[in-house]
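Participant:
There are 2 protein chains.
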Amino acid sequence: MNLRDLRYLLAVAEHGHFGRAAEACGISQPTLSVQLRKLEELLGVVLFERGSKTVTPTAACERLIGHVRTAVAEADTILGLARSLRDPLAGRFRLGIIPTLAPYLLPLVFAPLREAFAALEVEPWEDQTAVLLERLRTHDLDAALLATDVDGPDLASRPLFAEPFLAALPPEHPLAERQAVAEADLAEDILVLADGHCLRDQALAACGRSGALSRTMRATSLSTLLNMVAAGYGTTLIPGLAAGAAQDAGIILRPLSTRAGRTVRIAWRASFPRRAAVEAVGEVIAGRLRGFAEGAAAGAI
Amino acid sequence: MNLRDLRYLLAVAEHGHFGRAAEACGISQPTLSVQLRKLEELLGVVLFERGSKTVTPTAACERLIGHVRTAVAEADTILGLARSLRDPLAGRFRLGIIPTLAPYLLPLVFAPLREAFAALEVEPWEDQTAVLLERLRTHDLDAALLATDVDGPDLASRPLFAEPFLAALPPEHPLAERQAVAEADLAEDILVLADGHCLRDQALAACGRSGALSRTMRATSLSTLLNMVAAGYGTTLIPGLAAGAAQDAGIILRPLSTRAGRTVRIAWRASFPRRAAVEAVGEVIAGRLRGFAEGAAAGAI
DNA sequence: TGCCATGATAGTGACTGTCTATCAGTCTAG
DNA sequence: CTAGACTGATAGACAGTCACTATCATGGCA
Numbered sequence: 006m007n008l009r010d011l012r013y014l015l016a017v018a019e020h021g022h023f024g025r026a027a028e029a030c031g032i033s034q035p036t037l038s039v040q041l042r043k044l045e046e047l048l049g050v051v052l053f054e055r056g057s058k059t060v061t062p063t064a065a066c067e068r069l070i071g072h073v074r075t076a077v078a079e080a081d082t083i084l085g086l087a088r089s090l091r092d093p094l095a096g097r098f099r100l101g102i103i104p105t106l107a108p109y110l111l112p113l114v115f116a117p118l119r120e121a122f123a124a125l126e127v128e129p130w131e132d133q134t135a136v137l138l139e140r141l142r143t144h145d146l147d148a149a150l151l152a153t154d155v156d157g158p159d160l161a162s163r164p165l166f167a168e169p170f171l172a173a174l175p176p177e178h179p180l181a182e183r184q185a186v187a188e189a190d191l192a193e194d195i196l197v198l199a200d201g202h203c204l205r206d207q208a209l210a211a212c213g214r215s216g217a218l219s220r221t222m223r224a225t226s227l228s229t230l231l232n233m234v235a236a237g238y239g240t241t242l243i244p245g246l247a248a249g250a251a252q253d254a255g256i257i258l259r260p261l262s263t264r265a266g267r268t269v270r271i272a273w274r275a276s277f278p279r280r281a282a283v284e285a286v287g288e289v290i291a292g293r294l295r296g297f298a299e300g301a302a303a304g305a306i
Numbered sequence: 006m007n008l009r010d011l012r013y014l015l016a017v018a019e020h021g022h023f024g025r026a027a028e029a030c031g032i033s034q035p036t037l038s039v040q041l042r043k044l045e046e047l048l049g050v051v052l053f054e055r056g057s058k059t060v061t062p063t064a065a066c067e068r069l070i071g072h073v074r075t076a077v078a079e080a081d082t083i084l085g086l087a088r089s090l091r092d093p094l095a096g097r098f099r100l101g102i103i104p105t106l107a108p109y110l111l112p113l114v115f116a117p118l119r120e121a122f123a124a125l126e127v128e129p130w131e132d133q134t135a136v137l138l139e140r141l142r143t144h145d146l147d148a149a150l151l152a153t154d155v156d157g158p159d160l161a162s163r164p165l166f167a168e169p170f171l172a173a174l175p176p177e178h179p180l181a182e183r184q185a186v187a188e189a190d191l192a193e194d195i196l197v198l199a200d201g202h203c204l205r206d207q208a209l210a211a212c213g214r215s216g217a218l219s220r221t222m223r224a225t226s227l228s229t230l231l232n233m234v235a236a237g238y239g240t241t242l243i244p245g246l247a248a249g250a251a252q253d254a255g256i257i258l259r260p261l262s263t264r265a266g267r268t269v270r271i272a273w274r275a276s277f278p279r280r281a282a283v284e285a286v287g288e289v290i291a292g293r294l295r296g297f298a299e300g301a302a303a304g305a306i
């Protein structure tokens, strides 16, 4: 059974006239006659009584026509709804973001995203890298902003911007005298984030530390880490976008002599169909952060 | 858009697997892939994200799938309902019957009809010939039992049985002496039904009267007419099936010397599609009344 | 009785749904 | 780490079906 034939049926019922119904359907009268007869044969029921001047629905047709109307209406709803869903830059876009990035990046990019794609409802989801990748693979996220490379053939990614690390020092720290700090110098009394934060591993790697730390205090958030540094518990490396928050906390920032940093990327499933949305969101973020690396390094003196 | 493709969509959503969905639909996997891709192109929306091991509905698909289910369910309802409507010997059958026949015929044929076609709901409608023909033409009746010929190319009819007229006499009437009565003898003090009853014209014609009657009393029903005859107001002709009722009223019945009578026919629109129901109902009635004419004539002595 | 209106039929061409055969990519196991 | 299995996509061939034009059959009307 074909939806087209059901539409023909409705047209004949409405017009009570094969010729006019055919015209309304944009087909020829013979086509309508043939198709309707086929439908009648398929259903095993005569749908219309053809009089010499009138075409009247049979009792069987009266019983069926309500369901026919519903089916056709649903089909039209599907078509209309699909049309409204057609724009990949519209609808929900679930974007994962790592915790050391979210609080500092989102304020910068929310407004531009909203401006550029009014119909795109960006829903941020803050979690650590491993969780984000898992949720990406289970279709619970559409894309994720990470500071690590992603591997596996099921995921793809693209770099958005480079974010330099900065040395974060307590106000009275001896290293604050210098214009730039060597990472190895920080290793002595460095504070790091809790397990699972990519920034933890990156900071340790930058300082040449393997992993085992004497310090037992590990901050669960970058905000806490900043407070700890400001209180004189030690030093740390922070990502450039957190510079403002660090300075607000009374922390002294110095560029690193090696210009170490991390690259923020957007990652997505290779099979994700709304590729355009990913590209668009990535482009807005990259555009907003263009030239940020140099500015951040220069500003932290 | 095709209902078939919507079914394919549901199958893929249910199985999450093209091969198994294709098997469930009874088609090959390539066919399913091609058709689903076409549907996606038609809708302008990607419906499934094809992973290496998984097939997952997209957000757009989730939005659409409810309507798809409804449309397909309605289509199935139409097919199922049509199947149950397929039997022409089932459902309502609106049967018009003239008033001089209905009270005497229906008690005879209702049980046989019900027995023969349990699913056929025969709805009798009692009215005069002209009204029945009108209602037949306006599709308010499916068939009609008449005692006249029908003409016009839009109507068809078939004789069911012959019904002899009988002379109906008051108990003390002089004609009651005879074995058979000549119609002309009745003309003197004949009583007839009101205008519009075919029996009125037929009775008058049988008696050789043109139309203008001296009598002003005209019965509106055969039952009333019988009461009038029984009360001695005059004589009349009655159809054979009313013999029982007439005798119950104390009326003397005599066969007519000319064996005049009427033929009861079933009439229907030539275009009426449930021809089988008409034939079946007609055959049951004719069968029930087979041999009635002779019996009635013989019994009225 | 001839003309108009209406739906049915015949014959034909184009499209489309389906098949089999095959490919490309990913995952798994020895 | 490579061979094989699994999954969906693609290619080419064929058949069924939908659509058209031309024409017919019938009934109503002037």
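For the record, the sequence lines run as chains A and B.
Using the numbering used here, the letters of the first sequence correspond one by one to residues 6 to 306.
Using the numbering used here, the letters of the second sequence correspond one by one to residues 6 to 306.
Cβ coordinates follow ideal geometry from the N, Cα and C atoms, glycine included.
Quick one: Cα of A:R74 to Cα of B:Q40, how far?
Facilitator: So the alpha carbons of these two residues sit roughly 25 Å apart.
Participant: Beta carbon of A:A124, beta carbon of A:A95: below 8 Å?
Facilitator: Yes.
Participant: Between B:A367 and B:T240, is the Cβ-Cβ spacing less than 8 Å?
Facilitator: Because chain B spans 6 through 306 in this model, residue 367 of chain B falls outside it and cannot be assessed.
Participant: Would you identify the three-state DSSP class for B:I243, choosing helix, strand or coil?
Facilitator: If DSSP states are grouped into helix, strand and coil, B:I243 belongs with the strands.
Participant: Can you find at least 3 beta carbon pairs, one from the stretch 226-240 of chain A and one from the stretch 139-156 of chain A, that sit closer than 8 Å?
Facilitator: The stretch 226-240 of chain A vs the stretch 139-156 of chain A: no contact.
Participant: Which residues bound the alpha helix (DSSP H) around B:Y48?
Facilitator: The question names Tyr, yet the displayed sequence has Leu at residue 48 of chain B. Run containing B:L48: Q34 to L48, per the alpha helix (DSSP H) assignment.
Participant: Report yes or no: do three or more beta-carbon pairs, one from the stretch 103-122 of chain A and one from the stretch 81-99 of chain B, lie closer than 8 Å?
Facilitator: The stretch 103-122 of chain A, when compared against the stretch 81-99 of chain B, does not touch it at the 8 Å Cβ threshold.
Participant: Using a Cβ-Cβ cut-off of 8 Å, state whether B:T63 counts as contacting chain A.
Facilitator: B:T63 counts as touching chain A.
Participant: What number of angstroms, rounded off, separates the C-alpha of A:Y252 from the C-alpha of A:L258?
Facilitator: Note that residue 252 of chain A corresponds to Gln in the displayed sequence, not to Tyr. Distance between the alpha carbons of A:Q252 and A:L258 is about 7 Å.
Participant: Are the Cβ atoms of B:H144 and A:T61 separated by less than 8 Å?
Facilitator: Yes. Within cutoff.
Participant: Using 8 Å for Cβ pairs, my map puts B:W273 next to B:A135. What's the rounded Cβ distance?
Facilitator: Incorrect: roughly 17 Å between the Cβ atoms, too far for contact.
Participant: Please classify B:P108: does DSSP put it in a helix, a strand, or coil?
Facilitator: In the structure shown, B:P108 sits in a helix (DSSP, three-state: H, G or I).
Participant: Got a sec, what are the start and stop residues for the alpha helix (DSSP H) B:I345 sits in?
Facilitator: There is simply no residue 345 of chain B to check, as chain B begins at 6 and stops at 306 in what is shown.
Participant: Just the C-alpha distance for B:A265 and B:F98, rounded to the nearest angstrom, thanks.
Facilitator: Straight-line Cα distance between these residues: approximately 32 Å.
Participant: From B:P164 to B:I271, what does the alpha carbon distance come to, in whole angstroms?
Facilitator: Using only the alpha carbons, I get a separation of about 6 Å.
Participant: Am I right that B:C1 and B:L52 are in contact with their C-beta atoms under 8 Å? What's the rounded C-beta distance?
Facilitator: Summary: the structure shown does not reach residue 1 of chain B, with chain B confined to residues 6 through 306, and so no result is reported for it.
Participant: Pull the bridge partners of A:R3 from the DSSP assignment, please.
Facilitator: Absent from the model: residue 3 of chain A. The displayed extent of chain A is 6 to 306, so no value can be given.
Participant: Determine, for B:D159, whether the minimum Cβ-Cβ distance to residues of chain A falls below 8 Å.
Facilitator: So, interface residue.
Participant: Is the CB of B:E54 under 8 Å away from at least one CB in chain A?
Facilitator: For B:E54, the answer is yes, since a Cβ of chain A falls inside 8 Å of its Cβ.
Participant: Below 8 Å on the Cβ atoms is my contact criterion, and I expect A:R280 with A:Q207 to pass it. Report the Cβ-Cβ distance as a whole number of Å.
Facilitator: Between A:Q207 and A:R280 the Cβ distance is about 29 Å, and since that is not below 8 Å, they are no contact.
Participant: Assuming B:E168 and B:G245 make a contact with CB atoms under 8 Å, what is their CB distance in whole Å?
Facilitator: Confirmed, Cβ separation roughly 5 Å.
Participant: DSSP beta-bridge partners for B:A148?
Facilitator: B:L100.
Participant: I'd like to know whether the C-beta of A:T75 is nearer than 8 Å to at least one C-beta of chain B.
Facilitator: Closer than 8 Å: yes.
Participant: Counting only C-beta atoms, is A:T36 closer than 8 Å to chain B at any point?
Facilitator: So, not an interface residue.
Participant: State the DSSP-derived secondary structure class of A:E126, mapped to helix, strand or coil.
Facilitator: DSSP places A:E126 in strand when its eight states are reduced to three.
Participant: A:A27 and A:I70 - do their beta-carbons sit closer together than 8 Å?
Facilitator: Not a contact, by the Cβ cut-off of 8 Å.
Participant: Taking 8 Å as the threshold (beta carbon to beta carbon), is A:H22 in contact with chain B?
Facilitator: Not one chain B Cβ lies under 8 Å of A:H22.
Participant: Using C-beta distances below 6 Å, list every residue in its chain close to A:H20, excluding the 5 sequence neighbours before and after it, in chain order.
Facilitator: For A:H20, where only same-chain residues beyond five positions count, the Cβ hits under 6 Å are A26.
Participant: Do you know offhand how far B:Y13's Cα is from A:T36's?
Facilitator: When rounded, the distance between both Cα atoms is 27 Å.
Participant: When the cut-off is 8 Å and only beta carbons count, does A:G96 lie next to chain B?
Facilitator: So, interface residue.
Participant: Near A:R9, which residues of its chain fall below 8 Å by C-beta distance, leaving aside the five closest residues on each side in sequence?
Facilitator: If we look at A:R9 and ignore the five residues flanking it on each side, its Cβ neighbours are Q40.
Participant: Along chain B, which residues have their Cβ under 9 Å away from the Cβ of A:V286?
Facilitator: Chain B residues near A:V286: none, gap ~15 Å exceeds 9 Å.
Participant: Drop a sphere of 10 angstroms on the beta-carbon of B:P278, count the other beta-carbons inside from all chains shown, and report buried for 16 or more, exposed for fewer.
Facilitator: Under this definition B:P278 is a buried residue.
Participant: Just tell me which of A:E182, A:F170 and A:A185 has its CA closest to the CA of A:A248.
Facilitator: The shortest Cα separation from A:A248 among A:E182, A:F170 and A:A185 belongs to A:F170.
Participant: Would A:G56 and B:D156 qualify as a contact pair, given that the criterion is a beta-carbon distance under 8 Å?
Facilitator: Cβ distance not < 8 Å, so A:G56 and B:D156 don't count as in contact.
Participant: So is B:F122 in contact with chain A if we call contact Cβ pairs under 8 Å?
Facilitator: Judged by the 8 Å Cβ criterion, B:F122 is not in contact with chain A.
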